[in-house]
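A.B. asks: Residue 166 is where the sequence shown starts when you use this note's numbering, and the numbers rise one by one after that. The beta-carbon is built from N, C-alpha and C at its ideal position, and this holds for glycine as well. These numbers come from a predicted model, not from an experiment.
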Amino acid sequence: MTITLRPPTPVTLRRRRPDTVAAAVAAAAVALVFVLFAGGSWLMARPASGAITTNAADGATVALDARGRASLGLSDGVDSLFAPGAADAVVGRLAAAVHSEGGRFTQVRLYPDRAFVTARGADRRVAGYAWVAGSIVPSEPSTSFGGELGEFLAFDTDAVAWDRIADLVAIAPAVAHVHDGVVSHVTVDRTTLDPALPLTIRINVTGPNGNGIVEVSADGEVIAVG
């Protein structure tokens, strides 16, 4: 999947030295990420038993319910996975499920009330996992993908500053210059916007008069705005 930024003024991305292997597989990575989305798309359309049925993927803000808070050990006042400590908690739950199968994350998507992960297993097959209303729902693994590319896209969860998500979400509408904007979702993966495919956090902002994206490095540094 290719994401095109639409900056109001020219934005210069921080340059990184292209990795030889990464540059060679960058085009293939775009196609692979699309396939990963397609393989796990049923998770967004098919909620777990008793789950919230509102589709957060359409940009609507949906509150985290009591079951979700309890399963993550969050206080009663927490109503979103974008709240302090919530992203860390849900990623930890999903990581436990993925790692128990010998897998590694290739993408994380966080919404206010749910989270989705694609992961590459020890057998090179890709599976999806959804955390909804306190429960983890796995998908059936897809067909095998090439070892070198799949291994390159995989990342360790401790490489991401999950504890910065809450602060970044709070400032994203202002940084993206989206008036009355709200954050619809946050995506963490190896971006296809840079030939070196660095691990990035992309915060998607929606508003009544436009949308925006704030791209952040894995350690929490704002890289680009569009």
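Rounding to the nearest angstrom, what Cα-Cα distance links residue 223 and residue 349 in this structure?
C.D. replies: For this step, residue 223 is matched to residue 58 along the sequence shown. For this step, residue 349 is matched to residue 184 along the sequence shown. Bear in mind that the predicted position of residue 223 carries a pLDDT of just 42, short of 50, making it too unreliable to give a figure here.
A.B. asks: Please go through the same chain and pick out, in chain order, the residues whose beta-carbon is closer than 8 Å to the beta-carbon of residue 363, but skip the five residues on each side of it.
C.D. replies: Residue mapping note: residue 363 aligns to position 198 of the sequence shown, counting from 1. Around residue 363: 181, 355, 356, 382, 383.
A.B. asks: Alpha carbon to alpha carbon, how far is residue 386 from residue 150? Give it in angstroms, no decimals.
C.D. replies: Since the first residue of the chain shown is 166 and the last is 391, residue 150 is not available in this structure.
A.B. asks: Can you give the beta carbon distance from residue 343 to residue 370, rounded, assuming they're within the 8 Å contact cut?
C.D. replies: For the purposes of this step, residue 343 is taken as the residue at position 178 of the sequence shown. For the purposes of this step, residue 370 is taken as the residue at position 205 of the sequence shown. Rounded, the Cβ-Cβ distance is 5 Å, consistent with contact.
A.B. asks: Taking the C-alpha atoms as reference points, what is the distance between residue 333 and residue 236?
C.D. replies: Along the sequence shown, one-based indexing puts residue 333 at 168. Along the sequence shown, one-based indexing puts residue 236 at 71. Spanning the two alpha carbons is a distance of roughly 24 Å.
A.B. asks: Rounded to the nearest angstrom, how far is the Cβ of residue 243 from that of residue 296, given a contact under 8 Å?
C.D. replies: As a first step, residue 243 must be located in the sequence shown, where it is residue number 78. As a first step, residue 296 must be located in the sequence shown, where it is residue number 131. Contact flag wrong, Cβ pair sits at about 15 Å.
A.B. asks: Reducing DSSP to helix, strand and coil, say where residue 289 ends up.
C.D. replies: Along the sequence shown, one-based indexing puts residue 289 at 124. Residue 289 falls in the coil class under three-state DSSP.
A.B. asks: To the nearest angstrom, how far is it from the Cα of residue 380 to the Cα of residue 247?
C.D. replies: Taking the first residue of the sequence shown as 1, we reach residue 380 at position 215. Taking the first residue of the sequence shown as 1, we reach residue 247 at position 82. Cα to Cα, the separation comes out at about 16 Å.
A.B. asks: Just confirm the distance between the C-beta atoms of residue 274 and residue 281, as a whole number of angstroms; I'd bet it's less than 8 Å.
C.D. replies: The residue labelled residue 274 in the question sits at position 109 within the sequence shown. The residue labelled residue 281 in the question sits at position 116 within the sequence shown. Right, the Cβ-Cβ distance comes to about 5 Å (below 8 Å), so this counts as a contact.
A.B. asks: To which residues of the same chain is residue 373 closer than 7 Å at the C-beta, ignoring the five residues directly before and after it?
C.D. replies: Your numbering for residue 373 matches position 208 in the sequence shown. Here the set comprises 345.
A.B. asks: Could you spell out where the alpha helix (DSSP H) holding residue 265 opens and where it closes?
C.D. replies: Here residue 265 refers to the residue found at position 100 when the sequence shown is read from its first residue. Taken as a continuous stretch (DSSP letters only), the alpha helix (DSSP H) holding residue 265 covers 251 to 265.
A.B. asks: Compute the beta-carbon to beta-carbon distance between residue 294 and residue 284, rounded to the nearest angstrom, for a pair I have assumed lies under 8 Å.
C.D. replies: Translated into positions along the sequence shown, residue 294 becomes position 129. Translated into positions along the sequence shown, residue 284 becomes position 119. Right, the Cβ-Cβ distance comes to about 7 Å (below 8 Å), so this counts as a contact.
A.B. asks: Which same chain residues end up closer than 7 Å to residue 249 when comparing Cβ atoms and leaving out the 5 residues on each side of it in sequence?
C.D. replies: Reading the sequence shown from its first residue, position 84 is the one you call residue 249. Correct list, in chain order: 331.
A.B. asks: Excluding the 5 residues flanking residue 322 on each side, which residues of the same chain have their C-beta closer than 7 Å to its C-beta?
C.D. replies: For the purposes of this step, residue 322 is taken as residue 157 along the sequence shown, with counting starting at 1. Within the same chain, residue 322 has close Cβ partners 256, 260, 270.
A.B. asks: Thinking residue 347 and residue 338 are a contact (beta carbons under 8 Å), I'd like their distance in whole angstroms, please.
C.D. replies: Against the sequence shown, residue 347 aligns to sequence position 182. Against the sequence shown, residue 338 aligns to sequence position 173. Contact flag correct, Cβ pair sits at about 7 Å.
A.B. asks: Output yes or no for whether 8 Å exceeds the beta carbon distance between residue 378 and residue 366.
C.D. replies: Residue numbering aside, residue 378 sits at position 213 when the sequence shown is read from its first letter. Residue numbering aside, residue 366 sits at position 201 when the sequence shown is read from its first letter. Taking 8 Å as the Cβ cut-off, residue 378 and residue 366 do not qualify as a contacting pair.
A.B. asks: In its own chain, which residues sit with a C-beta less than 7 Å from the C-beta of residue 375, not counting the 5 before and 5 after it?
C.D. replies: One-based indexing of the sequence shown puts residue 375 at position 210. Around residue 375: 343.
A.B. asks: Kindly give me the distance between the Cβ atoms of residue 272 and residue 353, rounded to whole angstroms, as I take these residues to be in contact under 8 Å.
C.D. replies: Your numbering for residue 272 matches position 107 in the sequence shown. Your numbering for residue 353 matches position 188 in the sequence shown. That pair is a contact at about 7 Å.
A.B. asks: Since residue 292 and residue 304 should fall inside the 8 Å C-beta cutoff, what is the C-beta to C-beta distance between them, to a whole number of angstroms?
C.D. replies: What you label residue 292 is simply residue 127 of the sequence shown in a count that begins at 1. What you label residue 304 is simply residue 139 of the sequence shown in a count that begins at 1. Correct: roughly 6 Å between the Cβ atoms.
A.B. asks: Put residue 246 into one of helix, strand or coil per three-state DSSP.
C.D. replies: Position 81 of the sequence shown, counting from 1, holds the residue named residue 246. Residue state, collapsed to three classes: coil.
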